Amino acid sequence: MHNSGPELDSLTHWLTECPAEFYQYAVGNDGKNLAQPGIHVAAIVGDHLSDVGLAEDRIRQAKGSVSSANAAQQQLMSITVWLLRSPWFMNQEGLANTIAELLCNGLRDLADTIKPELAVTDPDRREELVRLCLNQLGFRPAGETVEQASDRLTTLDSVERTKIMLSMRAAEARARQIREEMARKRAQEAAARYSPE
Amino acid sequence: MADMELTERERFPLLNDAGRQMLERLRQHPRAPAFNYHCGEKLSEVGLRRVRELALELKKQSPASWTVGEHPQWLTDFVRGCWADVPFYRHRDAALREIASSEDADMMRVWADVPLIDRSHLRRAPWEFVPDSVELDDLIVYQTSGTTGNFVTLICDPVAPASYLPLFETALTAYGVNLDGGQRVSILHMAAQRSTYTHFSTISYLDFAGFAKINLHPDEWRSQGDCAAFIDDCDAEIYTGDPFAFAELAKIPLKTRPKALISAATTLLPAVRDHLQSHFGCPVIDVISMNETGPIAYAWKNQHRVFPHQIYIEIVDPSGRLVPPGIRGEIVVSGGVNRMMPLLRYRTGDQGALEFVSGYPTLTQFTGRTPVHFRRWDGELVRSVDVIVALYPIPLPLFRLHQYTDQRLVFQTRCDPATERIVMSKLHNLFGETPLEIEQLSDEAAWNGKAIQFSSDLSPPLLIDNASY
Chain A
1 MHNSGPELDS
11 LTHWLTECPA
21 EFYQYAVGND
31 GKNLAQPGIH
41 VAAIVGDHLS
51 DVGLAEDRIR
61 QAKGSVSSAN
71 AAQQQLMSIT
81 VWLLRSPWFM
91 NQEGLANTIA
101 ELLCNGLRDL
111 ADTIKPELAV
121 TDPDRREELV
131 RLCLNQLGFR
141 PAGETVEQAS
151 DRLTTLDSVE
161 RTKIMLSMRA
171 AEARARQIRE
181 EMARKRAQEA
191 AARYSPE
Chain V
198 MADMELTERE
208 RFPLLNDAGR
218 QMLERLRQHP
228 RAPAFNYHCG
238 EKLSEVGLRR
248 VRELALELKK
258 QSPASWTVGE
268 HPQWLTDFVR
278 GCWADVPFYR
288 HRDAALREIA
298 SSEDADMMRV
308 WADVPLIDRS
318 HLRRAPWEFV
328 PDSVELDDLI
338 VYQTSGTTGN
348 FVTLICDPVA
358 PASYLPLFET
368 ALTAYGVNLD
378 GGQRVSILHM
388 AAQRSTYTHF
398 STISYLDFAG
408 FAKINLHPDE
418 WRSQGDCAAF
428 IDDCDAEIYT
438 GDPFAFAELA
448 KIPLKTRPKA
458 LISAATTLLP
468 AVRDHLQSHF
478 GCPVIDVISM
488 NETGPIAYAW
498 KNQHRVFPHQ
508 IYIEIVDPSG
518 RLVPPGIRGE
528 IVVSGGVNRM
538 MPLLRYRTGD
548 QGALEFVSGY
558 PTLTQFTGRT
568 PVHFRRWDGE
578 LVRSVDVIVA
588 LYPIPLPLFR
598 LHQYTDQRLV
608 FQTRCDPATE
618 RIVMSKLHNL
628 FGETPLEIEQ
638 LSDEAAWNGK
648 AIQFSSDLSP
658 PLLIDNASY
């Protein structure tokens with residue numbers, strides 16, 4: 001996030017133009033089509049990594065990793081490849097390893113939290129994916145300070161928000177459980193106390 | 198109190214033959230009162246082990262492990278536990294977070310920023326104080342009103358009330374008294390109220406010795422003479438109760454004598470203590486204790502020595518700032534015996550000063566409850582603690598002082614005419630020409646149980662400086 005990057009709007013706009021084939025027809029773990037014939041995600045990831053200059057052996061590893069991902073993760077990887085094909089990213093050099101890491105490992109939590117197609121169709125999720133990618137590659141949107149970029153990414157962070165929501169639900173369930181137990185025990189004898197208070 | 202009865206096994210999970218015999222003895226005692234409530238100790242094997250561990254720890258720790266300007270070593274871990282495990286504290290502020298998240302957090306620097314809490318926090322959502330990691334099966338609920346009618350629901354487990362026993366032993370040991378337990382009644386809790394719950398139990402920690410809470414009120418007993426006969430037959434090792442109950446007890450002709458009296462709940466004036474000590478021929482030990490925290494301190498040489506368990510005491514001024522040793526203020530407690538509602542910087546509403554005497558954290562100038570300021574005829578203020586000090590030499594087990602809006606003072610008590618004259622003289626010295634009446638409380642009023650000792654209808658003074666607090 002320490003390097004100033006492109007205009008945010010240019011990348012979010014680029015994402016809106018992501019063809020539906022990239023996220024509607026991903027291929028499952030077993031190599032079979034999930035719904036209808038579509039893009040082979042491991043193949044397009046491999047092609048992109050090759051285009052950005054990643055070594056052959058690393059590309060093979062990356063493709064293996066992509067193939068082992070679940071359907072939602074592959075869908076988001078596919079959308080992200082589209083994003084990374086934007087002119088600004090394609091003009092950056094020396095990012096091959098970081099891009100491989102992003103595609104193989106950096107998207108899984110988000111993919112497990114949101115519907116991947118929202119990264120194209122929903123403005124907030126679009127912005128989140130763009131910011132997430134920029135951040136993981138060491139950039140922030142043009143015109144923003146590190147603090148501003150970090151704050152905005154935190155605000156949009158679906159994974160964190162989901163964690164908080166789950167934790168709040170767990171806390172509410174625990175509080176309800178205690179209140180129920182209190183009500184039950186209120187109707188029961190307590191334990192002997194040995195002096196007045 | 199609830200009315201859903203438990204089975205004997207639920208009441209006494211550890212009950213053995215000795216305990217069963219003790220329960221039978223108390224249940225079938227021909228002179229026993231008509232006990233009106235069932236209540237056991239509910240203590241499991243694990244719970245009993247915890248109580249025994251506390252007892253061992255208490256024997257090792259004398260004096261306590263902290264002194265002026267220090268925090269006890271356990272406090273950092275306690276704070277971290279609260280932060281990690283207790284919903285209420287997890288939602289609190291940055292100071293707690295700093296202590297909890299940093300290995301070498303400077304407790305001395307950060308501690309004063311940890312926000313104080315009070316009864317209102319407990320009342321709002323008591324369940325928020327229950328740690329995530331504790332099982333709820335053992336949960337017990339107590340409703341407490343204190344003397345203010347300010348109801349709070351307290352959540353604890355059976356270890357909390359049982360932990361009083363080793364703490365009482367600590368106080369008793371200081372006076373050369375040991376609890377033997379075994380096949381005898383060890384503790385009689387004396388009440389003197391028109392109406393209160395009475396019950397009996399057996400104490401696994403004391404090898405299934407007996408315990409009974411009895412009410413001295415004559416209506417509680419089947420025949421005249423039963424009360425004395427039952428108490429004598431129990432021949433308990435110690436009595437617990439409040440000063441009024443003990444004063445009533447002293448009127449009953451008993452053949453037996455306990456090893457000690459433990460007094461709690463209301464102010465034990467030195468003259469009352471001396472009278473009781475002389476009458477019963479044993480030490481009378483005042484214990485400062487609260488439902489929320491458990492026992493805090495026990496009387497030692499006209500002061501109160503803080504119990505050496507995991508309890509940390511601070512004194513704050515009305516704005517919540519720490520005051521130096523020796524200066525009176527509100528007592529703030531962290532820790533205590535209740536692991537189901539761990540307390541961090543809990544304002545007790547009780548007043549006193551903290552000093553370190555022979556290495557022991559010690560409460561001095563103690564008075565329960567928020568201080569009340571009475572106004573003299575000349576506009577001067579008289580603090581409730583001044584009234585207590587003036588009454589030190591008078592054996593009054595029960596008294597209340599109220600000031601009405603017209604400045605009239607009414608002092609209520611129960612005493613003989615000679616004592617009343619002494620009280621009048623002491624209060625006149627204190628209040629000068631302020632209108633003052635003494636009312637002898639009726640039997641019924643005296644037996645109504647714990648009541649507010651000091652109250653005033655006048656507005657509290659707008660400015661209270663530390664010196665007058």
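Residue numbers (our numbering), protein chains in the order written: chain A, 1 to 197; chain V, 198 to 666. Idealized CB from N, CA, C, for every residue including glycine. This one's a predicted model, so the numbers in the text were calculated from it and none came from an experiment.
Asked                                                                                                                              : Found
For K115(A), three-class secondary structure by DSSP                                                                               : coil
Which residues DSSP lists as bridging H501(V), in chain order                                                                      : A496(V), L560(V)
Contacts around D290(V), its chain only, beta-carbon distance under 7 Å, and the 5 residues preceding and following it disregarded : P312
Stretch-stretch touch, CB-based, cutoff 8 Å, three pairs: the region 294-303 of chain V with the region 329-343 of chain V         : no
Contacts of T464(V) in chain A (Cβ-Cβ under 8 Å)                                                                                   : Within chain A, no residue comes near T464(V); the closest Cβ sits about 13 Å away, beyond 8 Å.
Contacting residues, own chain, Cβ-Cβ under 8 Å from C18(A) (five flanking each side not counted)                                  : I79, W82, L83, V120
Under 8 Å from the C-beta of E181(A): neighbouring residues of chain V                                                             : L333, L336
Short CB-CB distance (under 9 Å) between V484(V) and chain A                                                                       : yes
Min CB distance K410(V) to chain A below 9 Å                                                                                       : yes
Neighbourhood of E332(V) by C-beta, 6 Å cutoff - its chain only, sequence neighbours within 5 removed                              : none
Below-9 Å beta-carbon distance, I428(V) vs any chain A residue                                                                     : no
Proximal residues to L223(V) (C-beta, below 7 Å), its chain only, five neighbours per side dropped                                 : A229, F397, G407, A409
Residues near V554(V) in its chain [Cβ-Cβ closer than 6 Å; skip 5 each side]                                                       : none
C-beta neighbour in chain V for A35(A), strict 9 Å                                                                                 : Annotation note: pLDDT 47 at A35(A) (below 50); position unreliable, no value reported.
For E511(V), three-class secondary structure by DSSP                                                                               : strand
CA nearest to the CA of P558(V), picked from M538(V), P522(V), G576(V), S531(V)                                                    : P522(V)
Nearest residue (CA-CA) to E254(V), options L364(V), P594(V), S420(V)                                                              : L364(V)
Alpha-carbon to alpha-carbon, W574(V) and H288(V)                                                                                  : 49 Å
Local Cβ density within 10 Å of N412(V), reported as buried at 16 or more and exposed below that                                   : buried
Limits of the alpha helix (DSSP H) - the one that L102(A) falls within                                                             : 96-105
Within-9 Å CB hit, P196(A) to chain V                                                                                              : yes
Residue-chain proximity (I164(A), chain V), Cβ-Cβ < 9 Å                                                                            : no
Meets three-Cβ-pair contact criterion under 8 Å: the region 616-630 of chain V and the region 458-468 of chain V                   : no
Three-state secondary structure assigned by DSSP to D662(V)                                                                        : For D662(V), the predicted model reports a pLDDT of 33, less than 50, meaning its position is unreliable; a value from the coordinates is still stated below. Three-state result, D662(V): coil.
Test: A173(A) CB closer than 9 Å to a CB of chain V                                                                                : no
Cβ-based neighbour list, P210(V), same chain, cut-off 6 Å, excluding 5 preceding and 5 following                                   : S241
Status (buried if at least 16 other CB within 10 Å, exposed otherwise) for T631(V)                                                 : buried
Amino acids of chain V, ordered along the chain, whose beta-carbon sits closer than 8 Å to that of I178(A)                         : W324, V327, L333, L336, I352
Pair within 9 Å by beta-carbon distance, E431(V) and V382(V)                                                                       : The sequence shown places Cys at residue 431(V), not Glu. It is a contact, given that the beta carbons lie within the stated cut-off.
Cutoff 9 Å: Y666(V) Cβ touching any chain A Cβ                                                                                     : Note that Y666(V) scores 26 on pLDDT, short of 50, meaning its location in the model is unreliable and no value can be drawn from it.
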